[in-house]
């Protein structure tokens with residue numbers, strides 16, 4: 001095979017520069033072409049993890065040069081090249097094509113497994129489908145269970161590691177409450193007690209808590225008659241059931257079944273059509289033909305490295321058309337499928353010619369005789385020349401034009417087609433832009449490209465905006481000061497509502513000028529009378545839209561293109577390419593995550609009725625935040641069960657009246673407590689509490705900052721009255737229930753408190769705060785403790801709470817410096833709310849006559865022991 005110097009001369013002029021690429025363990029400095037983005041360079045560095053030599057004076061440390069040299073050496077030894085000079089030209093051309101960004105090749109993967117095969121005409125087909133679905137379902141559930149179990153055991157070990165104190169006590173569940181809870185969860189996840197003990201000792205932690213990732217599942221190739229799939233009978237439902245659990249490829253001819261099986265073993269390469277067109281212009285077809293021959297040779301040499309018998313016999317290769325949608329739109333935006341079909345036909349012809357040339361030198365593949373007649377018939381029907389194939393055969397039993405390889409696309413910088421894409425600027429910033437192919441198409445159609453960009457990316461200003469315009473806002477009371485603040489905010493915020501909320505707008509302006517009081521998280525514009533459509537129109541004017549489907553100024557010739565999604569366009573182009581590929585289009589079609597087997601069976605029937613060659617159906621993953629709303633389940637109560645089983649007896653209840661001591665319980669002279677500063681409706685309030693040694697509230701002080709003397713004195717004396725009541729034994733619950741929701745001014749929004757956001761009066765705020773802090777009355781808070789970050793750490797709450805320094809909560813002055821610096825508050829100290837409040841029962845004095853435990857309680861007039869469940873007779 002002869003190679004003309006085409007890519008190497010251009011690659012010699014490629015500008016390269018040192019790039020700092022952040023890797024997992026270090027920052028690596030390598031030479032790379034200047035036109036490549038950092039993402040591309042990093043993808044190529046991942047590829048160079050293969051054992052290539054390090055040559056820092058060459059791009060990518062010489063990895064591409066070493067790889068091409070290895071292939072050239074294998075070709076010279078295998079008789080691929082007529083002489084050494086031809087081998088050197090191959091090496092230079094292959095290296096140049098890669099450095100120009102025209103192609104990326106995937107090495108042969110010996111770990112690829114043969115696909116499973118099944119013919120629906122077999123008698124046991126339905127049973128085998130059910131068995132395979134059961135295997136996939138078992139593996140999926142086992143993986144989830146193993147992950148949960150590994151995490152639970154890791155939490156057990158973490159509970160021991162985070163405990164500070166005596167090592168023996170930390171490893172004892174009786175002394176470490178966090179360990180107790182973690183061990184119970186691990187047991188519920190299926191861990192044996194021996195595994196829990198090993199986790200407590202720290203065994204098995206070096207491998208990590210998460211199970212290793214499973215290898216890719218081998219697909220199941222199902223050969224189905226089109227009529228069988230179209231009618232949706234039991235066999236079609238069985239195929240759909242299996243597709244819910246794993247990778248099922250339904251094909252409709254034996255040849256496509258063989259090709260789909262070989263596709264999993266193929267050596268793959270992807271061509272960048274936009275890069276090739278940009279580099280060669282009018283010489284595009286000549287360059288594409290040369291690149292095709294070069295890649296067919298490179299992939300054939302790659303297969304020689306493989307030790308897989310099936311791959312060695314069939315020698316399947318894949319030439320993917322990267323950036324096909326961009327290239328086709330740039331050629332004919334009104335009908336991009338037409339140039340895509342013509343290009344695929346030419347590429348297939350060039351690939352067949354290169355394969356036949358290799359077969360003339362090295363002989364056809366072992367499976368050529370098995371596929372010869374069918375392949376020649378298909379090529380003749382398409383009008384391709386077959387003389388060379390009849391004379392020499394083909395080196396590759398299967399040549400596919402579909403290389404769905406994300407790594408290859410990443411190395412070439414090829415992305416799925418959309419109205420916008422991302423690009424890296426000269427200073428390293430990543431920005432969105434109008435897709436170049438669309439920009440070319442719009443320019444040719446005479447459209448305003450800048451107007452299209454404004455439609456996509458917005459204007460970041462409310463000037464001339466529909467809906468919420470400057471004029472409309474002025475009518476509502478907005479002045480130049482507020483509008484200027486909104487305009488500044490629109491340049492940085494991501495949510496439109498954030499530009500109309502504090503601190504962009506002053507709270508005094510919202511309350512005094514607009515006369516509104518907003519609840520936490522409530523948007524301002526709906527309260528001002530703007531409907532959803534007006535707000536959406538203004539937001540689109542500011543931030544832009546996801547595509548050009550609703551662009552009023554779109555050229556008539558491009559409306560069909562712009563109205564379709566990128567996925568729909570690429571699907572149409574793949575259908576145009578499919579007739580020229582030995583393999584059918586195996587790109588999966590993803591259905592909604594709630595789809596069932598009937599939905600998949602209908603989709604399979606649609607593929608069969610449309611004359612498609614294959615159907616690969618998937619169900620999308622459920623959203624990560626999806627949760628079922630399940631009713632709470634009460635835990636069984638042993639005492640009530642024993643009471644129901646015991647015979648009912650009627651006993652006389654003796655009531656004992658105990659008079660409470662009415663003496664005043666005085667606070668210690670040196671007492672602890674806390675100070676809470678907040679603002680209610682713009683009025684500052686300070687709450688100072690005093691506590692007994694056991695932490696019970698004993699006094700409060702209320703100070704209103706900068707208020708009138710009469711009002712401040714009234715609040716001070718009210719606090720004294722409450723304090724005296726508390727010291728004489730009045731429960732704090734009584735005060736809270738009496739004063740919450742009282743309504744008088746000042747009232748409104750509360751700032752400075754992490755659990756209360758609004759109050760109807762000062763007293764409402766004070767007793768909400770006391771109820772939340774001392775009584776755990778969380779229903780009085782407007783923010784959950786998790787969202788409020790009540791553990792004292794900054795930022796959003798983490799899934800696994802961390803220890804907090806005790807100095808965050810303990811007064812250094814109160815302790816007179818006695819608290820050690822390394823004292824922490826462990827996360828298991830936080831009290832978790834119970835799922836459901838269970839009825840509380842009053843304990844009676846005296847032991848149980850049956851077991852002696854002091855757990856005798858009154859149940860509907862009958863004494864019951866809470867320890868043994870007995871209902872003993874009580875002496876009157």
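Residue numbers (full-length UniProt numbering): 1 to 876.
Every residue, glycine too, gets a C-beta built ideally from N, C-alpha and C.
Exclusion of the five residues before and after residue 458 leaves 542, 543, 544 as the residues of its chain whose Cβ lies within less than 6 Å of its Cβ. Bridge pairing for residue 221: 117, 249 [DSSP].
In the three-state reduction of the DSSP assignment, residue 782 falls in the coil class, being assigned neither a helical nor a strand state. When only Cα atoms are considered, residue 757 and residue 499 end up about 20 Å apart. Taking the Cα positions, residue 384 is about 33 Å away from residue 116. Boundaries for residue 201: no beta strand (DSSP E) harbours it, and the DSSP string shows neither H nor E there. With fewer than three CB-CB distances shorter than 8 Å, the segment 227-236 does not count as touching the segment 72-90.
Under the DSSP assignment, residue 566 falls in the alpha helix (DSSP H) whose first and last residues are 566-577. With a cut-off of 8 Å on Cβ pairs, the segment 350-360 is not in contact with the segment 583-601, counting fewer than three such pairs. Taking the C-beta atoms as reference points, residue 776 is found no nearer than 8 Å to residue 741. Cβ atoms of residue 11 and residue 95 come within 8 Å of each other, at about 7 Å. Take residue 746, set aside five residues on each side of it, and the residues of its chain with a beta-carbon closer than 6 Å to its own are 680, 681, 683, in chain order. Rounded to the nearest whole angstrom, the CA to CA distance from residue 521 to residue 749 is 12 Å. Scanning 65, 281, 300, 60 for the CA closest to the CA of residue 265 turns up 300. Within the same chain, and ignoring the five residues on either side of residue 465 in sequence, the residues whose Cβ sits closer than 7 Å to its Cβ are 538, 541, 542. When beta bridges are read from the DSSP output, residue 686 appears opposite 677, 703.
About 21 Å separates the beta carbon of residue 452 from that of residue 462, a gap too long to meet the 8 Å contact definition. Of the residues assessed, residue 188 falls on the exposed side of the cut-off, its CB having fewer than 16 other CB atoms within 10 angstroms. In this chain, residue 272 is not harboured by any alpha helix (DSSP H); it is covered by the beta strand (DSSP E) spanning 267-272.
The continuous beta strand (DSSP E) containing residue 748 extends over residues 748-751.
For residue 228, the uninterrupted alpha helix (DSSP H) segment begins and ends at 226-231. In terms of Cβ geometry, residue 359 and residue 395 form a close pair [threshold 8 Å]. In this structure, residue 616 sits away from residue 579, with a CB-CB distance that is not shorter than 8 Å.
Around the beta carbon of residue 771, 16 or more other beta carbons lie within 10 angstroms, which makes this residue buried. Taking 8 Å as the cut-off, the Cβ atoms of residue 398 and residue 270 do not count as close.
Across the set 140, 240, 774, 9, the C-alpha of 9 shows the shortest separation from the C-alpha of residue 92. In this structure the segment 166-181 does not touch the segment 121-138; the number of beta carbon pairs closer than 8 Å is below three.
Residue burial is scored here from C-beta neighbours: residue 455 has at least 16 other C-beta atoms within 10 angstroms and is therefore classed as buried. For the pair residue 28 and residue 71, the Cα-to-Cα distance works out to about 27 Å. Burial check for residue 254: the Cβ neighbour count within 10 Å stays below 16, so the residue is exposed. Per the Cβ contact rule, the segment 664-674 is in contact with the segment 688-698 (3 or more Cβ pairs under 8 Å). Taking a C-beta distance under 8 Å as the contact criterion, residue 414 and residue 281 do not qualify as a contact pair. With a beta-carbon spacing of about 7 Å, residue 31 and residue 58 fall inside the 8 Å limit used to define contacts.
The beta carbon of residue 183 sits closer than 7 Å to those of 156, 173, 196, all from its chain and outside the five residues before and after it, given in chain order. Per DSSP, reduced to three states, the secondary structure at residue 31 is strand. Bounds of the beta strand (DSSP E) holding residue 322 are 317-322.
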